[in-house]
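> One structure is given below, represented as structure tokens, and several questions about it will come after.
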Amino acid sequence: IVDAKPLLKNLKQKEFRWPVLGDALGFSSRWVESQFNLLETLAQIRSQHSKSVLIRLFVSPDDKNSNQYIIK
């Protein structure tokens, strides 16, 4: 059995709070849709954890011209 403590620790961070989990993780306040900002949440995850959630961008050589680089 894998220990769930690391996952639960991450889920308690503000940017990972899921409304479906509600009080199960001991949140001090309930999730309020009008106070949720998806762009801010994604930016926090990207800046604090170096992870892209919805879109992954990277630079690589162009398949058609290996002397050039493109964003994929």
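So in this note's numbering, spot 42 of the sequence shown is number 23, and the numbers just go up one at a time. Using N, Cα and C, we set each Cβ at its ideal position, and we do this for glycine too.
On the DSSP bridge assignment, give the partners of I26 in chain order.
The residue given as residue 26 occupies position 45 in the sequence shown. Answer is none; I26 lacks a bridge partner.
> So if DSSP puts V13 in a beta bridge, which residue, or which two residues, is it bridged to?
On the sequence shown, position 32 is the one that residue 13 refers to. Paired residue(s): none; V13 is not in a bridge.
> Cα separation between Q29 and L20?
The residue given as residue 29 occupies position 48 in the sequence shown. The residue given as residue 20 occupies position 39 in the sequence shown. Distance between the alpha carbons of Q29 and L20 is about 14 Å.
> Take P42 and list the residues in its own chain whose beta-carbon comes closer than 7 Å to its own, dropping the five residues that flank it on each side.
What you label residue 42 is simply residue 61 of the sequence shown in a count that begins at 1. Hits under 7 Å: Y50.
> Which residue wins for smallest C-alpha separation from I26, given the options P(-13), Q(-6) and A(-15)?
Your numbering for residue 26 matches position 45 in the sequence shown. Nearest of P(-13), Q(-6) and A(-15) to I26, Cα basis: Q(-6).
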